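Chemist: This is the structure, below, for whatever I ask next.
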Amino acid sequence: MYINGHWVTERSHFPVTNPANGEVIGEVPDCTPEDIDAAITAASNAQKSWKQTTAYERSGLLYRAWEIMLSRKQELAELMTREQGKPLKASLNEVQYGADFLLWFAEESKRINGQTIPSARGNQRFITQKVPVGVVGAITPWNYPISMITRKLAPALAAGCTLVLKPAEHTPLCAKAMAEVFEQAGFPAGVINVITSRDPALVGEAFCTDPRIRKLTFTGSTAVGKQLNARAAANMKRVSMELGGHAPAIVFPDADPVHAAKGLSLVKFLNTGQACISPNRIFVHKDQAEAFLAELTARAARLKAGSGFEAGNSIGPLINEAALQKVDSQVQDALAKGATLHTGGQRLTDGELAEGCFYAPTVLAGVTPEMKIYREETFGPVAPVVIYSDDDDVLAMANDTEYGLAAYIYSNDLSTAFKAFEALEFGIIGINDINPTSAAAPFGGMKNSGLGREGAQEGIEEYLETKLGGFAL
Ligand code: NAD
């Protein structure tokens with residue numbers, strides 16, 4: 001753990017394992033209540049001087065961290081593949097995406113502008129200033145173990161906030177490596193603190209109740225996000241919530257079904273389906289269904305599962321046994337209720353795969369609203385296909401979910417695509433585009449997918465308060 005500029009190790013530890021083979025790859029300290037208090041105290045003390053730094057000083061440190069991160073790209077990516085299981089190429093992409101937030105917010109820190117506002121009274125002047133919210137408590141998930149850290153820390157630091165980070169217990173080594181990057185960049189002691197815990201509720205409770213924490217930023221499941229949001233609301237804390245999703249993808253009758261199947265197979269099986277923006281219901285017009293399913297099935301069947309260090313493997317393990325059981329139970333439920341299996345549908349146990357939690361890339365067709373997979377987030381390598389016949393109905397079907405994070409449209413008709421873009425109740429919509437994400441673009445969801453946006457110009461606002469000055473002359 002990294003508290004007040006010091007590395008804290010002398011605690012009881014918990015192991016970190018490689019989900020591809022179950023091997024223990026390290027251990028990290030399990031924080032005590034005193035450690036949580038020490039980290040919040042350090043952040044609170046550091047806040048007094050950090051908020052006085054100029055935007056240019058904060059920008060310089062973020063820029064330095066960006067340079068260090070990129071110089072350590074290969075090493076960070078290898079650690080991520082060992083700890084999280086994703087293929088090395090995907091880890092390299094994630095380190096790059098994670099670094100992008102440092103550069104973006106190094107620049108945005110210099111654009112925290114106030115306003116002058118005309119008054120109705122001749123002898124009055126209004127000005128506003130943007131000020132940092134104060135100490136931030138950040139909780140991050142394991143599926144994108146580095147970029148989810150920088151997507152929160154970079155805007156918080158740029159805004160002038162100090163923070164305490166608690167990473168997911170499955171991927172604390174990536175968080176430790178990021179703490180080293182920030183230390184190497186020269187951030188003052190106490191500005192960034194990292195605590196690791198096998199009991200996340202203990203830390204969550206402190207973040208929601210300690211009066212020195214002014215803002216909670218959380219990425220993870222909707223269930224936990226709702227609990228934390230309720231606790232934080234009781235103490236009037238600012239929150240950002242990046243939660244679960246259940247993305248629809250619509251292949252309209254004018255789309256090229258082969259091109260759509262190619263794109264959707266790439267985004268569906270990315271990170272073995274363990275992504276909040278992963279398509280979870282693929283609606284295909286009946287005229288396109290045969291060609292679409294043939295291409296999607298062929299592509300899914302070709303994907304190779306295994307160690308992320310072996311070139312050619314694109315399907316990594318699921319994070320643990322519980323995740324695998326959840327995926328399989330959704331598949332079995334769908335099959336029992338009449339879905340048809342086009343490929344996959346079982347755990348993979350050949351050779352070394354038996355040591356990890358591998359599930360075959362799966363394509364299901366004939367998926368209906370009665371099936372669990374139609375409503376519940378899968379977080380695994382399963383593509384559920386729903387065949388539809390009416391374009392107006394399909395927009396209502398796509399919106400019929402408690403979630404509102406990502407959606408995808410395939411259409412070659414501008415009017416169809418634009419109408420769908422306007423009708424869909426989701427925060428992020430890919431139109432013939434399977435990667436509508438960037439440090440420059442706002443990321444976040446509607447409904448039960450959360451509150452607030454990360455990245456983009458909006459991302460820094462999450463860490464700022466507006467202060468009004470009314471001057472009577
Ligand atoms: P999770 O909610 O179990 O865990 C996420 C984080 O919350 C971890 O750090 C965990 O230790 C912590 N946590 C768990 N219980 C807690 C508690 N009671 N109090 C405080 N902290 C607690 O989620 P997960 O299964 O690890 O992550 C997958 C989920 O995250 C999926 O639902 C996915 O959609 C979501 N996600 C969302 C985004 C987004 O930007 N919207 C991005 C990535 C993942």
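Sequential numbering from 1 applies to the sequence shown in UniProt numbering. Glycine included, every Cβ here is placed at the ideal spot set by N, Cα and C. Given the structure is predicted, the values throughout are model-derived calculations rather than measurements.
1) Please determine whether the Cβ atom of Tyr224 lies at a distance below 7 angstroms from any heavy atom of ligand 1.
2) Hey, is Gln288 close to ligand 1, as in C-beta under 7 angstroms from one of its heavy atoms?
3) Going straight from the alpha carbon of Asp256 to that of Tyr410, what length do you get?
4) Taking the alpha carbon of Gly356 as the point to measure from, which residue in Leu293, Ser307, Gln346, Leu364 has its own alpha carbon closest?
5) State the DSSP-derived secondary structure class of Arg231, mapped to helix, strand or coil.
6) Does Val8 come out as helix, strand or coil in the three-state DSSP assignment?
7) Have a look at Lys48, Pro384, Glu57, Val284 and flag the residue whose alpha-carbon is nearest the alpha-carbon of residue 556.
8) For Arg299 and Ser265, which I take to be in contact (beta-carbon distance under 8 angstroms), what is that distance rounded to the nearest angstrom?
9) When you compare only the Cα positions, how much space is there between Leu348 and Phe207?
10) Only counting the same chain, and skipping five residues up and downstream in sequence, which positions put a Cβ closer than 6 angstroms to that of His246?
11) DSSP three-state label for Glu295, please.
12) Check the C-beta distance from Cys174 over to Pro145 and give it rounded, since I have them as a contact under 8 angstroms.
13) Whole angstroms is fine: what's the gap from Val386's alpha carbon to His285's?
14) When the Cβ atoms of the stretch 68-85 are set against those of the stretch 134-151, are three or more pairs found closer than 8 angstroms?
15) Please report the straight-line C-alpha distance between Phe421 and Ala42, rounded to a whole angstrom.
16) Among Ala233, Ala396, Ser314, which residue has its Cα nearest to the Cα of Lys86?
17) Let me confirm a value: Pro15 is counted as buried when at least 16 other C-beta atoms fall within 10 Å, else exposed. Which label applies?
18) Can you tell me the Cα-Cα spacing of Ser449 and Gly244, whole angstroms?
19) Going by alpha carbons, who is nearest to Glu458 out of Leu468, Phe471, Cys31, Ala439?
20) Measuring alpha carbon to alpha carbon, tell me which of Ser389, Glu370, Val8, Lys304 ends up nearest Asp350.
21) Taking 8 angstroms as the threshold (C-beta atoms), are Thr162 and Gly122 in contact?
22) Using only the alpha-carbon positions, how far apart do Leu395 and Ala423 sit?
23) What are the complete alpha helix (DSSP H) segments, minimum 4 residues, inside the stretch 251-275?
24) Kindly indicate which residue of Glu108, Val363, Val258, Gly344 has the alpha-carbon position closest to the one of Ala456.
25) Could you check whether the Cβ of Val203 sits closer than 7 angstroms to any heavy atom belonging to ligand 1?
26) Near Ile431, which residues of its chain fall below 7 angstroms by C-beta distance, leaving aside the five closest residues on each side in sequence?
27) What does a CB cutoff of less than 7 angstroms around Leu70 pick up in its chain, not counting 5 residues either side in sequence?
28) I'd like the list of long-range same chain contacts for Lys110, defined as Cβ closer than 8 angstroms, with 5 residues on each side in sequence excluded.
29) Could you please give me the residues that DSSP links to Lys51 through a beta bridge?
30) Which class does Ala406 belong to by DSSP, given the choice of helix, strand or coil?
31) Just to check my reading of the structure: Gly344 and Ala20 have Cβ atoms closer than 8 angstroms, yes? What is that Cβ distance to the nearest angstrom?
Modeler: According to the structure data:
1) According to the sequence provided, residue 224 is Val. The question's Tyr does not apply to it. Result yes, Cβ under 7 angstroms from ligand 1.
2) Checking the Cβ of Gln288 against ligand 1 gives no.
3) Rounded to the nearest angstrom, the two C-alpha atoms are 8 angstroms apart.
4) Looking at the Cα atoms, Ser307 is the closest of the given residues.
5) Secondary structure at Arg231: helix, using DSSP grouped into helix, strand and coil.
6) Val8 carries a coil assignment under DSSP once its states are collapsed to helix, strand and coil.
7) This structure cannot settle anything about residue 556, because the visible part of the chain is limited to 1 through 473.
8) Arg299 to Ser265, Cβ: 4 angstroms. Contact.
9) Rounded to the nearest whole angstrom, the C-alpha separation of Leu348 and Phe207 is 40 angstroms.
10) The residues are Asn280, Glu377, Thr401, Tyr403.
11) Of the three classes helix, strand and coil, the one that applies to Glu295 here is helix, per DSSP.
12) Beta-carbon to beta-carbon, Cys174 and Pro145 are separated by about 4 angstroms, close enough to satisfy the 8 angstroms threshold.
13) Val386 and His285 have their C-alpha atoms roughly 9 angstroms apart.
14) When C-beta atoms of the stretch 68-85 are compared with those of the stretch 134-151, three or more pairs fall below 8 angstroms, so the two segments count as touching.
15) CA-to-CA, the gap between Phe421 and Ala42 works out to about 46 angstroms.
16) Comparing alpha-carbon positions, the option among Ala233, Ala396, Ser314 lying closest to Lys86 turns out to be Ser314.
17) That one is exposed.
18) A direct Cα-Cα distance of roughly 5 angstroms separates Ser449 from Gly244.
19) Measuring from the Cα of Glu458, the nearest candidate turns out to be Ala439.
20) Ranking Ser389, Glu370, Val8, Lys304 by Cα distance to Asp350 puts Lys304 first.
21) Taking 8 angstroms as the cut-off, the Cβ atoms of Gly122 and Thr162 do not count as close.
22) Rounded to whole angstroms, Leu395 to Ala423 spans 7 angstroms at the Cα level.
23) As far as the stretch 251-275 is concerned, its whole alpha helix (DSSP H) runs of at least 4 residues are 257-269.
24) Ala456 has its Cα closest to that of Glu108, out of Glu108, Val363, Val258, Gly344.
25) True, at least one ligand heavy atom lies under 7 angstroms from that Cβ.
26) Same-chain partners within the cutoff: Ile409, Ala417, Phe421.
27) Non-local C-beta neighbours of Leu70 in its own chain, meaning closer than 7 angstroms and more than five positions away in sequence, comprise Ala99, ordered along the chain.
28) Excluding five sequence positions before and after Lys110, the CB atoms of its chain that fall closer than 8 angstroms to its own CB belong to Ala55, Tyr56, Ser59, given in chain order.
29) Partner(s): none; Lys51 has no beta bridge.
30) Assignment of Ala406 by DSSP, reduced to helix, strand and coil, places it in the strand class.
31) No, Gly344 and Ala20 are not in contact; Cβ-Cβ is about 19 angstroms, not under 8 angstroms.
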